[in-house]
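Engineer: For the sequence shown, the numbering used here puts the final residue at 1181, and the numbers step up evenly by one.
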Amino acid sequence: MLDRLFGFKIHDYLQALGLFILAFGVPMNKVLMSIGTIWLASNLLLKADFSNYWKRWKTNPIFWFILSTFVLHVLGLTYTEDLAYAFRDMNTKLPLFVIPTALIAFPIQKKYIDIILYGFLASLLITSIINFWNSTNQTIEDYRDLSLFGSHIRYSLLVVTGVLIAVYFWIKNRRLWFVYLLLSVWFFYYTLISQVFSGYIAMAFLLLGFFLYFLQKVKRTSVRRIAGILFLLFCIVVGKQTYNYVQESTIKYDFGDLPERTVYGHLYYHDTTAAWFENGHHVISYIAGDELRESWAKRSDVDFDTTFNEKYSLESILIRYMASKGLKKDRDGMLLMTDHDIQNVEKGVPTILNDYSPIQRRQAKIKNEILQYLAGGDPDGNSLLQRIEHWKAGASILKNNWAFGVGTGDVQAAFDYAYENSTTQLDKENWNRAHNQFMTFWISFGVFGFLIFTGFWLWFLWQNIKLNKLIGIGFALIAIASFLSEDTIETQQGVTYISLFLGLYSLMNASELKETKEQ
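1) Since Ile761 and Leu702 are thought to touch, with beta carbons under 8 Å apart, how far apart are those beta carbons, to the nearest angstrom?
2) Going by beta-carbon coordinates alone, are Tyr817 and Trp832 separated by less than 7 Å?
3) Evaluate Ile898 with the Cβ neighbour count: other Cβ atoms within 10 Å of its Cβ, from every protein chain shown; 16 or more gives buried, anything less gives exposed.
4) Please classify Lys960 as buried or exposed, where buried requires at least 16 neighbouring CB atoms within 10 angstroms.
5) When burial is assigned at 16 or more other CB atoms within 10 Å of the CB, is Pro921 buried or exposed?
6) For Ala710, does the count of other Cβ atoms within 10 angstroms reach 16, so buried, or fall short, so exposed?
7) Which residues in the same chain have their Cβ closer than 6 Å to the Cβ of His735, if we skip the five residues on either side of it in sequence?
8) Is any heavy atom in the ligand MN found nearer than 6 Å to the beta carbon of Asp919?
9) Report yes if the C-beta distance between Asn1092 and Leu1015 is below 7 Å; otherwise report no.
10) Enumerated in chain order, which unbroken segments of the alpha helix (DSSP H) with a length of 4 residues or greater are wholly contained in the stretch 695-781?
11) Taking its Cβ as the centre, do 16 or more other Cβ atoms sit within 10 Å of Ser704, making it buried, or is it exposed?
12) Is Ile1140 closer than 7 Å to Leu845 when the C-beta atoms are compared?
13) Would you grab the beta carbon distance between Ile770 and Ala866 for me? Rounded to a whole angstrom, and I think it's under 8 Å.
14) Which same chain residues end up closer than 8 Å to Leu997 when comparing Cβ atoms and leaving out the 5 residues on each side of it in sequence?
15) Can you tell me whether Lys914 is helix, strand or coil according to DSSP?
16) On a Cα-Cα basis, can you pick out the residue from Phe849, Gly1108, Gln1155 and Gly1136 that is closest to Asn691?
17) Below 8 Å on the Cβ atoms is my contact criterion, and I expect Glu1148 with His1097 to pass it. Report the Cβ-Cβ distance as a whole number of Å.
18) Within 10 Å of its beta-carbon, does Trp1104 have 16 or more other beta-carbons around it, so buried, or fewer, so exposed?
19) Report yes or no: do three or more beta-carbon pairs, one from the stretch 825-839 and one from the stretch 1113-1124, lie closer than 8 Å?
20) Rounded to the nearest angstrom, what separates Phe850 and Ser713 at their Cα positions?
21) Mind checking whether Phe1163 and Phe1122 have CB atoms under 7 Å apart?
22) Between Leu1169 and Leu765, is the Cβ-Cβ spacing less than 7 Å?
23) By DSSP, does Glu940 sit in helix, in strand, or in coil?
24) What runs of the alpha helix (DSSP H), each 4 residues or longer, lie entirely inside the stretch 1001-1028?
25) Which partner residues of Thr789 appear in the DSSP bridge assignment?
26) Where do the ends of the alpha helix (DSSP H) carrying Ala950 lie?
27) For Arg923, does the three-state DSSP call read helix, strand or coil?
28) Figure out for me which residue from Tyr862, Ile863, Ala864 and Phe893 has the closest Cα to the Cα of Leu877.
29) Taking the C-alpha atoms as reference points, what is the distance between Lys1176 and Ala864?
30) Give the DSSP-derived three-state secondary structure of Tyr930 in the structure shown.
31) Could you pull the start and end residues of the alpha helix (DSSP H) that Ser860 belongs to?
32) With distances taken from CA atoms, which of Ile792, Leu787, Asn793 and Ile724 is nearest Phe759?
33) Taking the Cβ atom as the reference point for each residue, do Val847 and Thr1158 lie within a distance shorter than 7 Å?
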């Protein structure tokens, strides 16, 4: 319609501009994401070329997946009780229904696709530098506070996707290979320092995608077989190491044999009811307070009764720090503390983990959570333990609702009921949903919804592996990795990210098909 009014194809430019706003906005803020989504929908309606829209829709499998998902949500309204929640949920997922549909119906020209990806990379680079700069200028006590632009989990997926796109351009544009190499290294480094476990898993899946892509580029069958065998051996070794690591963490402490006194005759304090572990070691055991006070005075000029930030005593920090090193909190343990350790405690540093690499710190935190869970500790505040509780609640819901689910709006109500009728120690504020998108779809829409959702993503991955499309392989694996530990499409940033790259994939695929036909 506007094309005739202005005398040139203005809708093409509006479509590209709306998509650029959306791509730039996903790492940045919700306002730009909303503007981009509304922009694409409005431009589609104003162009009003519905006959051509339908021709493109009906031949695109992604459109049929989106339509099936929408139908599932509508059908789920017929047997749900909390309609207000249901409509809020559907409103959150509007980007999934709108963005891929708009981009399939009205694809932008090929020459704009790279510009869209550059916009995404530019926004991601700006926000990641701001996050990093902020973390170096103030103390970040919780790794979850590193991200200033949305959830740390969703943002970690965007950063991993940044690695994918940078490598894609690295392969495509050899003249600027050094720029794309730097971008890849930066986003990879940011993933490491972020300590987001979901980000680590997504990066591992992406590396698998790179292996699959480059393996198919090798022409010689013998080389491909050798590479496949080496990769399999690597997976076995990593799996074995992971198993051993977890096994070490599941050793149950025998608190019955704890000694009453130190070798110097002073009483030990042991609290075997406290499920508190630091770097895999129990904190509230083997504490000889008199020996600590005496030994500290010989090693430091800082008063033993010092309090940091009017909250933490030096004694408590020292006990926790020594536990993190696996030391007994007595005279002999103090002799094993280095001068560097003493300086750390004087500064209020509570654990040796601060000297570890980000990955080592995250591994130690996971070990602590496993030990705490086995000792019957409170799962609140621990991401892994809370997810275990969410999955247990989800499994109990599925026992009675496996066929048709609970409907579009009753998911949270079903979880609340499951928690109320369980022995969970989770605080009510942490009574969340499954944190697993596959399980959430099953709980919401039954086994058919689960099969549609899971089947599409497995098909999407397989198609891209078969065609050896780097962006498709990488995006599919990142998405699947996120679905395993998150309800990715239940939040605006998550669903917009998934919708954007489903639409971009359709655009890139359509451009390649057009080129093939022209040739």
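We put the beta carbon where it would ideally sit given N, CA and C, even for glycine.
Treat the numbers as computed from the prediction; the structure is a model and nothing was measured.
Structural biologist: Taking the geometry as given:
1) 6 Å
2) no
3) exposed
4) exposed
5) exposed
6) exposed
7) Met752 and Thr1070
8) The model on display carries no ligand, and the ligand MN is accordingly not part of it.
9) no
10) 712-719, 723-738, 745-754 and 756-767
11) exposed
12) no
13) Their Cβ separation, rounded to whole angstroms, is 33 Å, which puts Ile770 and Ala866 out of contact at 8 Å.
14) Ser957
15) Model confidence at Lys914 stands at a pLDDT of 49, short of 50, so the residue's coordinates are unreliable; what they give is reported in the following sentence. Lys914: coil per DSSP, three-state reduction.
16) Gln1155
17) 6 Å
18) buried
19) no
20) 45 Å
21) no
22) yes
23) strand
24) 1001-1008
25) According to DSSP, Thr789 bridges with nothing at all.
26) Looking at the DSSP string, Ala950 is not in any alpha helix (DSSP H), and its letter there is neither H nor E.
27) strand
28) Phe893
29) Low confidence applies to Lys1176: its pLDDT is 48, below 50, so where it sits in the model is not reliable, and the reading given next is rough at best. Lys1176 and Ala864: Cα-Cα distance of roughly 32 Å.
30) coil
31) Phe859 to Lys879
32) Ile724
33) no
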